[in-house]
Every structure is written in C-alpha cells, then in structure tokens.
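Read the structure below first, then the notes.
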Amino acid sequence: MEENSYFAFAERDYRFFLRVRETGTEGGTLAALGQNICERYLKHIVELYAKPEDELGTLEKESVLHTHSLHRLIRYLKEKMGLKIPEHTEECPKKIDVFFTATMEPGDNSFFPSEEDIEDAWEAVLQTKGVVEDVIWTMECI
Numbered sequence: 001m002e003e004n005s006y007f008a009f010a011e012r013d014y015r016f017f018l019r020v021r022e023t024g025t026e027g028g029t030l031a032a033l034g035q036n037i038c039e040r041y042l043k044h045i046v047e048l049y050a051k052p053e054d055e056l057g058t059l060e061k062e063s064v065l066h067t068h069s070l071h072r073l074i075r076y077l078k079e080k081m082g083l084k085i086p087e088h089t090e091e092c093p094k095k096i097d098v099f100f101t102a103t104m105e106p107g108d109n110s111f112f113p114s115e116e117d118i119e120d121a122w123e124a125v126l127q128t129k130g131v132v133e134d135v136i137w138t139m140e141c142i
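At the far end of the sequence shown sits residue 142, using UniProt numbering, and the numbering has no gaps.
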C-alpha cells in the first residue's frame with residue numbers, strides 16, 4: 001500500500017508529469033498539475049514540521065493546509081516557520097499560482113495555458129521539489 005501523504009501524492013504526480021514530458025505530449029491540464037504538485041510539496045512541509053505554540057497558531061496551520069494559494073503557502077513557510085526560500089525558487093511557484101483554478105474550468109479569469117505556461121509550471125515543480133527535499137533533509141538531520 002502506498003504512503004498517504006502530501007509528499008507521496010506530489011511524487012506520484014511529479015513522475016507522471018515527467019513521463020508525459022518525455023513523450024512530448026502536451027496539454028493544458030499540465031499547467032494545473034504543476035501548480036497542484038507544488039502545492040502538495042509545500043503542504044508536506046507545513047503538515048510535518050510546523051509546530052504551532054498556541055491555538056491561534058494551530059488554526060493558522062489548519063487554514064493554510066486548506067489553501068490552494070502557493071503564495072500563501074510560501075509566506076507561511078517564511079513568516080511562521082522561519083524557512084529561507086531562495087528568491088528564484090519563491091518566484092517560480094508564484095508565477096503559476098492561478099493555474100489550478102484558471103485552467104480547469106471556464107470563467108471570467110480562465111485561460112488556455114500556452115507551452116510557455118506549461119514550461120513555467122515544470123520549472124516551478126523542479127524548484128519547489130528541490131527546496132522541499134532540502135528542507136526535509138535538514139529537518140531530519142536536526
């Protein structure tokens with residue numbers, strides 16, 4: 001039975017995204033998938049390593065685990081957990097923050113992602129995965 005965690009879900013989808021890229025297949029859902037992978041990687045860090053000291057902190061943690069905003073997740077990691085996120089890595093996920101909601105259904109803010117958008121999503125996944133793996137390694141070594 002596979003592990004049931006944000007990280008396991010992110011890794012499974014990462015491997016799928018990688019295989020799809022290797023075949024040369026493209027599609028708008030890849031932009032949303034990239035945003036979702038980043039979200040799951042970041043939520044893994046919050047879920048495992050955020051240690052709120054009071055009830056308000058616990059409510060903030062629970063709230064951020066329900067968001068789809070990469071910007072909000074990154075801000076929580078920096079401000080509430082004191083993690084250092086390299087500027088380039090921080091900018092990549094912020095660039096694709098709306099992809100999950102804006103590329104999945106029609107609406108006022110929806111759009112069809114371009115090849116460049118999909119590449120931005122892939123770059124964000126790689127950057128986020130790298131930072132998350134570094135954080136996990138650091139936290140496990142403490």
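Each residue gets a CB set at the ideal place from its N, CA and C atoms; glycine is no exception.
Candidates the options: closest to residue i by CA position
i      : options                        : result
Trp137 : Leu48, Leu73 and Glu3          : Leu48
Thr89  : Glu26, Glu22, Ala8 and Val125  : Val125
Ala10  : Asp97, Glu55, Met139 and Cys38 : Cys38
Ala8   : Arg40, Thr29, Val135 and Gly27 : Arg40
Ala102 : Glu62, Ser5, Gly57 and His68   : His68
Inter-residue Cα distance where the pair is residue i and residue j
i      : j      : result
Lys94  : Leu70  : 6 Å
Asn109 : Glu133 : 33 Å
Lys129 : Val64  : 19 Å
Arg15  : Leu59  : 33 Å
Thr25  : Asp97  : 23 Å
Lys80  : Met139 : 16 Å
Ser5   : Asp117 : 27 Å
Val131 : Ala31  : 20 Å
Lys78  : Glu53  : 16 Å
Gly82  : Ala50  : 10 Å
Met1   : Leu18  : Confidence is the limiting factor: at Met1 the pLDDT is only 47, short of 50, which leaves the residue's position unreliable, though a coordinate-based value still follows. So the two alpha carbons sit approximately 23 Å from each other.
Glu62  : Asp120 : 29 Å
Val135 : Arg12  : 19 Å
Residue range of the unbroken alpha helix (DSSP H) whose run includes residue i
i     : result
Thr23 : Tyr6 to Thr23
Glu47 : Thr29 to Tyr49
Anticipated Cβ contact below 8 Å, residue i with residue j, distance rounded
i     : j      : result
Gln35 : Phe111 : Contact flag wrong, Cβ pair sits at about 13 Å.
- Query: Which whole runs of the alpha helix (DSSP H) in the stretch 51-138 are 4 residues long or more, in chain order?
  - Reply: Counting whole runs of 4 or more residues, the stretch 51-138 contains the alpha helix (DSSP H) stretches 55-64, 70-79, 87-95 and 99-102.
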